[in-house]
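Quick note: the sequence shown uses our numbering, first residue 325, plus one each step. Backbone N, C-alpha and C fix where the C-beta goes; we use that ideal spot for every residue, glycine too.
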Amino acid sequence: MTIQAQLKRLGLFDARVPRYTSYPTAPHFSDSVGPLETRNWIAAIPERDTVSIYVHIPFCRRLCWFCACRTQGTATAAPVEAYLGSLKAELDLVRAELPQGVEIEHLHWGGGTPTLLVPEMIAELSQAIFDVAPLTADAQFSVEIDPNEIDDARLDALAAAGMNRASIGIQDFDAQIQETIGRPQTYEVTKAAVDGLRARGIESLNVDILYGLPHQTRTKISDSVQLLMSLNPDRVALFGYAHVPWMAKRQALIPTDALPVPEERLELFNVARDLFKWDGYAEIGIDHFARPGDGLEVAWRNGTMRRNFQGYTEDKSETLIGFGASAISRYRQGYAQNDASTSGYQGAVRDGRFATKRGHKFTEDDLLRAAVIEALLCDFRVDLAAAADRVGQPVAQAAALVDGLDAAFPGMLQVSDETVEIRDHARPLARMIARHFDAYEMSAAGHSQAV
Numbered sequence: 325m326t327i328q329a330q331l332k333r334l335g336l337f338d339a340r341v342p343r344y345t346s347y348p349t350a351p352h353f354s355d356s357v358g359p360l361e362t363r364n365w366i367a368a369i370p371e372r373d374t375v376s377i378y379v380h381i382p383f384c385r386r387l388c389w390f391c392a393c394r395t396q397g398t399a400t401a402a403p404v405e406a407y408l409g410s411l412k413a414e415l416d417l418v419r420a421e422l423p424q425g426v427e428i429e430h431l432h433w434g435g436g437t438p439t440l441l442v443p444e445m446i447a448e449l450s451q452a453i454f455d456v457a458p459l460t461a462d463a464q465f466s467v468e469i470d471p472n473e474i475d476d477a478r479l480d481a482l483a484a485a486g487m488n489r490a491s492i493g494i495q496d497f498d499a500q501i502q503e504t505i506g507r508p509q510t511y512e513v514t515k516a517a518v519d520g521l522r523a524r525g526i527e528s529l530n531v532d533i534l535y536g537l538p539h540q541t542r543t544k545i546s547d548s549v550q551l552l553m554s555l556n557p558d559r560v561a562l563f564g565y566a567h568v569p570w571m572a573k574r575q576a577l578i579p580t581d582a583l584p585v586p587e588e589r590l591e592l593f594n595v596a597r598d599l600f601k602w603d604g605y606a607e608i609g610i611d612h613f614a615r616p617g618d619g620l621e622v623a624w625r626n627g628t629m630r631r632n633f634q635g636y637t638e639d640k641s642e643t644l645i646g647f648g649a650s651a652i653s654r655y656r657q658g659y660a661q662n663d664a665s666t667s668g669y670q671g672a673v674r675d676g677r678f679a680t681k682r683g684h685k686f687t688e689d690d691l692l693r694a695a696v697i698e699a700l701l702c703d704f705r706v707d708l709a710a711a712a713d714r715v716g717q718p719v720a721q722a723a724a725l726v727d728g729l730d731a732a733f734p735g736m737l738q739v740s741d742e743t744v745e746i747r748d749h750a751r752p753l754a755r756m757i758a759r760h761f762d763a764y765e766m767s768a769a770g771h772s773q774a775v
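Set out below in structure tokens:
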């Protein structure tokens, strides 16, 4: 039986499973967590600790049809200016509770389109953040850059604010695919943005590319990957396009009959993966690639890589504070998510209240399962004793989670009393195997394809 036949028999091409950038996943959040918990959890951060900060800018000049992020279109600066005021109000709320000596290890602006901010807004927002806490000496400050929505003045402002890492979404360079997904972005425009970043000393560049897009073929993804590599990015995320028009209404504009079937999706992934590996990139986790010596590659090689809402990261902070509408924070005690409605979020923080709408308080079982799932998706291997020790639980608890795993995925794993390891040919099943350790009920409709 071929490897593809084995994967098909195990349900890879039919399954929909979480990406597990959190555990439990966001659909299991509830109103059991609100503003009071957020206030108390911030106050409980240890003094002189390091934290990571994510700032969500939900506005775009135009809405791309493929995107399932929480965004809204705007043709003027007025909504962005009002939103910036709300971010500053939320930053003030956090500053009032944050213990002394806390510093920022990772800072990321995402969206939406953060580069909609004009230079004055960029300076204003960065200063408001640094009034809450300073960056550590070796902090990473990254911003998602839209090549269609950037110019020299904004690049200068971002560099002056301290940005030292940039992230660019490419999706695919093929003109037909771009037209079908509502995302025009030529190679020339993208290269101009990259050149502008490099000219300002931005030495770390991340790019995203999608497989599984409408009209995508082996030849098209091969051409796009080779153009992408000519930009010499330091790391690449190769994400599978998630077609969920029942959740992201704008995706209804994308013709489903133009989408590749799951078996073709796996083939597209493999074509891109092979090209990255041939060009010297290290294959990291389920969907990332990095140049040797890049911070993520070093963390992966050293076994210290983590997984959070931004995907794979070398971030070691135990606390991630999210600012803005729909932003999710992770504290030692649990997750807290802001009101997803921009108006609801702004109303709360303008009234002097945290905008937390939902979340989840961790149980001991959550922490253990999260450690196992994270290890599987980072390293394709779990040291059960190390996972249990990390969360202060007996190894017998971790070992009990493995019951039935080998039988569910025959020939795909190496299982012993001490470890679980996914065999190389079974790595496409990683998210499905992680699902075995998930104690929560799951609606497949809410998640992306397993491949």
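Nearest candidate by alpha-carbon position, reference residue i, set the options
i    : options                   : result
A664 : L708, Y655, G658 and G648 : G648
L729 : E745, V715 and A720       : E745
S466 : T398, S548, N472 and I377 : I377
R677 : P359, L691, S346 and A731 : P359
G658 : E688, Q670, D373 and A672 : E688
E742 : D727, L583, V426 and A723 : A723
L701 : A709, R625, D675 and Y636 : Y636
A499 : H430, D519 and D547       : D547
R589 : P471, I545, T374 and P557 : I545
A402 : F390, D416, M445 and C388 : M445
P458 : A392, K515, A399 and D373 : D373
H352 : T400, E642, R747 and F686 : F686
Q464 : E638, A329 and M629       : E638
T395 : G435, V456 and I369       : G435
Q721 : L708, A731, A732 and F733 : L708
E765 : T345, D338, A350 and A329 : A350
A413 : A582, L592 and V456       : V456
T326 : G735, V379 and A516       : G735
A830 : G425, G520, V585 and D598 : Any question about residue 830 goes unanswered here, given that the chain covers just 325 to 775.
I370 : Q717, Y655, A732 and R755 : What sits at residue 370 in the sequence shown is Pro, not Ile. Residue Y655 is the option with its Cα nearest to P370.
D690 : A623, S346 and H430       : S346
I763 : N472, P348, L334 and V379 : Strictly speaking, residue 763 in this sequence is Ala, with Ile absent from that position. Minimum Cα distance to A763 is reached at P348.
C388 : A731, P471, R574 and F497 : R574
I850 : A596, N472, L408 and D496 : The requested residue 850 does not occur in the structure, where the chain is confined to residues 325 to 775.
First through last residue of the beta strand (DSSP E) which encompasses residue i
i    : result
G434 : E427 to G435
R559 : R559 to G564
A660 : G658 to N662
R631 : R630 to N632
K544 : Where K544 is concerned, there is no enclosing beta strand (DSSP E), although the alpha helix (DSSP H) it sits in stretches over R542 to S554.
A636 : Note on residue identity: the sequence assigns Tyr, not Ala, to residue 636. Counting along the chain, the beta strand (DSSP E) containing Y636 begins and ends at G635 to T637.
R705 : R705 to D707
V739 : L737 to V739
A614 : H612 to A614
Endpoints, alpha helix (DSSP H) assigned at residue i
i    : result
R478 : D476 to A485
F761 : Unbroken run through F761: none, as it is neither H nor E.
E745 : Where E745 is concerned, there is no enclosing alpha helix (DSSP H), although the beta strand (DSSP E) it sits in stretches over T743 to I746.
A452 : P443 to V456
E414 : A402 to E421
E512 : Y511 to A523
E621 : G619 to N626
L360 : P359 to A367
A329 : I327 to R333
Integer-rounded CB distance, given that residue j should sit under 8 Å from residue i
i    : j    : result
H684 : V357 : 6 Å
A367 : P423 : 7 Å
L331 : L753 : 7 Å
A695 : R714 : 5 Å
V341 : R759 : 5 Å
S410 : Q670 : 4 Å
G486 : S450 : 7 Å
L725 : F761 : 6 Å
V775 : L336 : 6 Å
V518 : L555 : 5 Å
P579 : T514 : No, P579 and T514 are not in contact; Cβ-Cβ is about 25 Å, not under 8 Å.
Residue i CB to nearest heavy atom of the ligand COA below 6 Å
i    : result
L592 : The ligand COA is not among the ligands present in this structure, which contains no ligands whatsoever.
Residues that DSSP places opposite residue i in a beta bridge
i    : result
Q396 : F383
I533 : Q495 and L562
K685 : G658
R489 : S466 and S528
A339 : Partner(s): none; A339 has no beta bridge.
R597 : BP columns for R597 are empty, so no partner.
G646 : Y378
L459 : I428
A720 : Answer is none; A720 lacks a bridge partner.
I608 : H612
S653 : A660
Counting Cβ pairs, one atom from each stretch, are 3 or more of them under 8 Å apart for the stretch 563 to 570 and the stretch 526 to 542? yes
Report yes or no: do three or more beta-carbon pairs, one from the stretch 480 to 495 and one from the stretch 511 to 528, lie closer than 8 Å? yes
Any contact between the stretch 566 to 577 and the stretch 610 to 622? By contact I mean 3 or more CB pairs, one from each, below 8 Å. no
Answer yes if the stretch 369 to 388 comes into contact with the stretch 432 to 452, meaning at least three C-beta pairs across the two stretches below 8 Å, and no otherwise. yes
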